[in-house]
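Residue numbers (the numbering used here): 90 to 187.
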Amino acid sequence: MQLLILLIWLSAISVIFYAFFRSLTLTKKIPGGLIRQSWQLLYYLIGLLGVGYLTMPLFSRLPEASKDFIVAVVSLAGAIFILRVINLFYKIIKEVGL
Numbered sequence: 090m091q092l093l094i095l096l097i098w099l100s101a102i103s104v105i106f107y108a109f110f111r112s113l114t115l116t117k118k119i120p121g122g123l124i125r126q127s128w129q130l131l132y133y134l135i136g137l138l139g140v141g142y143l144t145m146p147l148f149s150r151l152p153e154a155s156k157d158f159i160v161a162v163v164s165l166a167g168a169i170f171i172l173r174v175i176n177l178f179y180k181i182i183k184e185v186g187l
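What follows is the structure, encoded as structure tokens:
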């Protein structure tokens, strides 16, 4: 079971870093302005989530207070990320006129 959990975490880490590099290439293509600023924040949040994901397989070796702090930071970053994505889509839909 531990091996399965480790494989799932490694898959999650791979996916989040793929998303990170994918967002980096998109950042270079987005012109300046509000959309670019919003996208840059998303880029940084993806990076923060990736760092948090990297620590998860090491949880068995971390003190309890560190575990709680990391989970809290990753959860907050995830919540902010979701809110920013929704707001970004809302702005895009408003601009398009839907």
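For every residue, glycine included, the Cβ atom is placed at its ideal position computed from N, Cα and C.
How big is the Cα-Cα spacing for residue i and residue j?
i    : j    : result
I171 : S112 : 15 Å
I175 : L99  : 27 Å
F110 : I182 : 25 Å
L92  : E153 : 22 Å
V140 : F106 : 9 Å
E184 : F178 : 10 Å
I94  : Y142 : 13 Å
Do residue i and residue j have their C-beta atoms closer together than 9 Å?
i    : j    : result
V160 : L137 : no
A166 : L115 : no
R173 : L130 : yes
Using CA coordinates, which residue listed in the options is at the minimum distance from residue i?
i    : options                : result
K180 : L147, I135, A168, Q126 : Q126
How far does the alpha helix (DSSP H) with residue i in it reach, from first residue to last?
i    : result
R111 : 91–118
G186 : Segment: none, G186 is in no alpha helix (DSSP H) and carries neither H nor E.
S127 : 123–144
Assess, as a yes-or-no matter, whether the stretch 143–154 is touched by the stretch 90–104 under the definition of 3 or more beta carbon pairs within less than 8 Å.
yes
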